[in-house]
Amino acid sequence: EPEVTQTPSHQVTQMGQEVILRCVPISNHLYFYWYRQILGQKVEFLVSFYNNEISEKSEIFDDQFSVERPDGSNFTLKIRSTKLEDSAMYFCASSGGVDYQPQHFGDGTRLSIL
Amino acid sequence: DAKTTQPTSMDCAEGRAANLPCNHSTISGNEYVYWYRQIHSQGPQYIIHGLKNNETNEMASLIITEDRKSSTLILPHATLRDTAVYYCIVRYLNAGNNRKLIWGLGTSLAVNP
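Chains A and B, in that order, are what the protein sequence lines are. When you line the first sequence up against this note's numbering, it's residues 1 to 114, in that order. When you line the second sequence up against this note's numbering, it's residues 115 to 227, in that order.
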């Protein structure tokens with residue numbers, strides 16, 4: 001069964017450094033998402049991406065965050081200048097073109113900011 | 115905020131059916147019910163979704179009440195590997211490209227030997 005893959009599984013970065021999290025969505029999917037989950041808290045929506053542009057973003061997704069689909073397969077989340085509070089699990093998801101089709105998630109990247 | 119309420123935790127004996135309830139009393143006609151689970155800190159795993167009819171797949175069954183104000187996820191023969199946090203999420207359709215999922219705290223299901 002096709003799946004969403006994320007790399008790396010764990011990223012340790014110094015505060016203030018830039019970090020790029022990578023995702024390979026399911027190949028025929030059209031919608032792409034990033035969510036995060038701070039330890040012990042709810043899963044939170046960050047951003048959705050369709051047709052090469054952001055379709056929706058949350059208040060969390062400020063100017064320090066950006067997303068890109070640099071080629072036909074990868075979907076990336078960049079944090080420009082990381083803060084301690086960016087430490088979290090980051091999940092990528094993708095879904096098909098039909099509205100009710102479910103989102104499928106990767107296993108996440110654990111981001112630790114020191 | 116999430117539009118659903120779920121019990122914080124539940125227990126189930128291995129081999130028995132696990133019935134996880136979800137209340138979504140403010141659901142509208144264009145909203146689907148989705149169920150996901152999260153095992154430990156892995157990524158959320160899609161289980162099943164429905165609009166108004168009962169649904170079944172290889173993982174579970176979804177029973178939606180006639181008034182659509184509540185639903186029950188049924189794992190017919192729970193195993194230890196079904197121990198996870200289960201999330202019930204309501205999402206509005208016909209929302210164009212705005213398809214975000216809003217998560218609550220879910221139900222922590224413990225399957226006991």
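Positions of the beta carbon are idealized from the N, C-alpha and C atoms, including for glycine.
Check your understanding: What do you reckon, are the CB atoms on Y160/B and Y146/B nearer than 9 Å?
Key -> Residue numbering aside, residue 160/B sits at position 46 when the second sequence is read from its first letter. Residue numbering aside, residue 146/B sits at position 32 when the second sequence is read from its first letter. No. Outside cutoff.
- [ ] Closer than 7 Å, Cβ to Cβ, to anything on chain A: give me those residues from the stretch 163-192 of chain B, in chain order.
- [x] H163
Quick one, which of E56/A, M15/A, L77/A and D86/A has its alpha-carbon nearest V24/A's? Against the first sequence, residue 24/A aligns to sequence position 24. Among E56/A, M15/A, L77/A and D86/A, the Cα nearest to that of V24/A belongs to L77/A.
- Kindly indicate the opening and closing residues of the beta strand (DSSP E) around Q159/B. The residue labelled residue 159/B in the question sits at position 45 within the second sequence. Note, Q159/B: beta strand (DSSP E), Q159 to G164.
Return the CA-CA distance between Y35/A and L111/A, expressed in angstroms with no decimal places.
Start at 1 with the first residue of the first sequence, and residue 35/A comes out as number 35. Start at 1 with the first residue of the first sequence, and residue 111/A comes out as number 111. So the alpha carbons of these two residues sit roughly 13 Å apart.
Q: Taking S9/A and T109/A to be in contact with their CB atoms under 8 Å, please state how far apart those CB atoms are, rounded to whole angstroms.
A: Taking the first sequence and counting its residues from 1, the one referred to as residue 9/A is at position 9. Taking the first sequence and counting its residues from 1, the one referred to as residue 109/A is at position 109. Contact flag correct, Cβ pair sits at about 6 Å.
Per DSSP, the bridge partner or partners of F105/A
Counting from one through the first sequence, the residue named residue 105/A turns up at place 105. For F105/A, which the question treats as bridged, DSSP gives the partners A93/A.
Which term fits P158/B, buried or exposed, when burial requires 16 or more other beta carbons within 10 angstroms of its beta carbon?
As a position in the second sequence, residue 158/B is number 44, starting the count at 1. So P158/B ends up on the buried side.
| field | Other residues of its chain near R213/B: CB distance less than 8 Å, five sequence neighbours each side excluded | value | The residue labelled residue 213/B in the question sits at position 99 within the second sequence. In the same chain as R213/B, and ignoring 5 residues on each side of it, the C-beta atoms closer than 8 Å to its own belong to R205, in chain order.
- With distances taken from CA atoms, which of V199/B, N144/B and E128/B is nearest D99/A? Numbered from 1 along the first sequence, position 99 holds the residue referred to as residue 99/A. Per the Cα distances, N144/B.
With DSSP run on the structure shown, which of helix, strand or coil describes D62/A? Working through the first sequence from its first residue, we reach residue 62/A at position 62. Reduced to three states, the DSSP call for D62/A is coil.
query: Is it true that the stretch 115-126 of chain B meets the stretch 52-63 of chain A, where meeting means three or more beta-carbon pairs spaced less than 8 Å apart?
result: no
* Asked: Using a beta-carbon distance cut-off of less than 8 Å, what residues from the stretch 94-109 of chain A approach chain B?
  -> S95, D99, Y100, P102, Q103, H104, F105, G106, D107 and G108
May I ask which residues mark the beginning and end of the beta strand (DSSP E) holding P87/B?
Residue 87/B is absent from the model: chain B starts at 115 and stops at 227.
request  = Note the first and the last residue of the continuous beta strand (DSSP E) segment covering A192/B.
outcome  = Taking the first residue of the second sequence as position 1, residue 192/B is located at position 78. Note, A192/B: premise wrong, no beta strand (DSSP E); not H, not E.
Short of 7 Å in beta carbon distance, which residues of its chain neighbour D196/B, apart from the five on each side in sequence? Order them along the chain. Within the second sequence, numbered from 1, the residue matching residue 196/B stands at position 82. Excluding residues within five positions, the ones whose Cβ falls inside 7 Å are A132, L189, L223 and V225.
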